[in-house]
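Okay, so here's the structure we're looking at.
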Amino acid sequence: MWDFDIGRSVSIMMRTWPFIVFRMIVYFGITLAYIVATGTGASVGYGVGHISTDPDGPLSFALWGGVVGFGVVSIAVYWIREYILYVVKAGHIAVMVHLIDGRDIPDGQNQIAYARDIVTQRFAEANILFVVDQLVKGAIRAITGLIGGIAAFLPIPGLSGLVSFINTVIRLSLTYVDEIILGYNIRINSASPFETARQGVVLYAQNGKTMVKNAVWLAVIMWGVSFVIFLLMLAPAGAILFLMPGQLAGWAFVLAIVFAWAFKAAFIEPFAIACLMQVYFGTIEGQVPDPAWDARLAEASSKFRELKDKALASFGGSRWGTAGATG
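Per the numbering used here, the sequence shown starts with residue 1305, numbered consecutively.
What follows is the structure in structure tokens.
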């Protein structure tokens, strides 16, 4: 069914426990910020609402206060996304890549410093990594259409509605492709992160059927686990909101989603990335990027064209080289 080894991925997660703890601190810290901001906003709004002559004033103001608090934290998370990508995600991917390749990595807190050095060598500044990440995400959107989506697997007439739905599932399953390309970028010792990302995207596209098949299986597993986590988080989220003023029961649903997101980001995401990197590195073994796919992607995606332009402007970007053959 799938080509990844679940046991090996779990082992990699256990070996990188300092980053799992780090992820827990970061993402559950964000969750706590959401809770505090929402509760404070609701409390302030509830108090201000008593000034209003409207009998429903306190409840209405409490609701809007919670919305404002939730929104403020969302904006803050948006602005620190580069830091999270650079320090948390990229660092964790770096040590996972080395484990997949059979290299020794430090244990304990030294592992985080070790990963930071690797990421700094590949991406001197966080904004460079962020630009590469955004361009890769944009380029990946074109791949589903180019490989024919589910039609390549299910060429049955009269099922256009089902095909459309499953193609949507496939697009959602491509969430972690940018992390896979980041892993490839860290793995390949090239002079230009833009050129290596360009190669990584082309290699992904030319092996799209294999990668999408595994991504869909993994997405189904993850969505099932995430839904169970969401149901389990409804109770503690409801208990927290029980202590807040006003009728804010609806926020229990929202906070349960935030709890589930934090758990998913801390535990499920690294598992998924470890699985997909296994498949990707094994599949591209001995391959070089296909110029035909490079041309097709450039024609279909403006983001890929921008990535290609930046690669060509950087050292070594005017030629493919043999980096794609490294396994």
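Yeah, the Cβ is synthetic: ideal placement off N, Cα and C, and Gly gets one too. None of the values given here were measured: they were computed from a predicted structure.
Whose C-alpha, out of I1447, G1333, M1581, is nearest the C-alpha of R1600? It is I1447 whose Cα lies nearest to the Cα of R1600.
Please classify M1318: is it buried, with 16 or more other beta-carbons within 10 angstroms of its beta-carbon, or exposed? With fewer than 16 neighbouring CB atoms inside 10 Å of its own CB, M1318 falls in the exposed class.
Counting only the same chain and skipping the five closest in sequence on each side, list residues whose C-beta sits under 8 Å from that of F1323. V1392, G1395, H1396, V1399, Q1415, I1416, A1419, P1574.
Are V1377 and Y1338 close, meaning C-beta to C-beta below 8 Å? In this structure, Y1338 lies closer than 8 Å to V1377 by Cβ.
Using 8 Å as the Cβ pair cut-off and three pairs as the minimum, do the segment 1506-1517 and the segment 1593-1610 touch? The segment 1506-1517, when compared against the segment 1593-1610, does touch it at the 8 Å Cβ threshold.
Under the three-state DSSP convention, the category I1334 falls into: DSSP places I1334 in the helix class (H, G or I) of the three-state scheme.
Give the secondary structure of D1598 by DSSP, where H, G and I count as helix, E and B as strand, and everything else as coil. In the three-state scheme derived from DSSP, where H, G and I count as helix and E and B as strand, D1598 is classed as helix.
Out of curiosity, what's the CA-to-CA distance linking I1632 and V1532? Here the chain comprises residues numbered 1305 to 1631, so residue 1632 is not present and cannot be evaluated.
8 Å Cβ cutoff met for Y1584 and I1484: Cβ atoms of Y1584 and I1484: closer than 8 Å.
Straight-line Cα distance separating D1411 from T1320: T1320 and D1411: Cα-Cα distance of roughly 8 Å.
Is R1420 helix, strand or coil when you go by DSSP? It is helical.
Could you compute how far the alpha carbon of M1305 sits from the alpha carbon of A1564? Taking the straight line joining both Cα atoms gives about 27 Å.
DSSP on R1445, reduced to helix/strand/coil? In the structure shown, R1445 adopts helical secondary structure according to DSSP, grouped into three states.
Measure the CB-CB distance between R1312 and D1405 and report whether it falls below 8 Å. No, they are not a contact pair.
Where the alpha helix (DSSP H) containing F1608 begins and where it ends: Start and end: 1606-1617.
Buried or exposed: which applies to R1327, given that a residue is buried once 16 or more other Cβ atoms fall within 10 Å of its Cβ? Looking at its Cβ environment, which holds 16 or more other Cβ atoms inside 10 Å, R1327 is buried.
Assigned exposure category for N1493 - 16 Cβ within 10 Å defines buried: Answer is exposed; the Cβ neighbour count stays below 16.
Compute the Euclidean distance between the alpha carbons of N1431 and K1614, then round it to the nearest angstrom. Each residue's alpha carbon lies about 14 Å from the other.
Could you tell me the distance, in whole angstroms, from the CA atom of I1719 to the CA atom of E1386? Nothing can be reported for residue 1719: it is not among the residues displayed for the chain, which extend from 1305 to 1631.
Q1510 in three-state terms, based on DSSP: It is helical.
Check whether the Cβ atoms of V1440 and L1336 sit closer than 8 Å, and answer yes or no. Going by beta carbons, V1440 and L1336 fall outside the 8 Å limit.
Exposed unless 16 or more other CB atoms sit within 10 angstroms - verdict on Q1503: Answer is buried; the Cβ neighbour count reaches 16.
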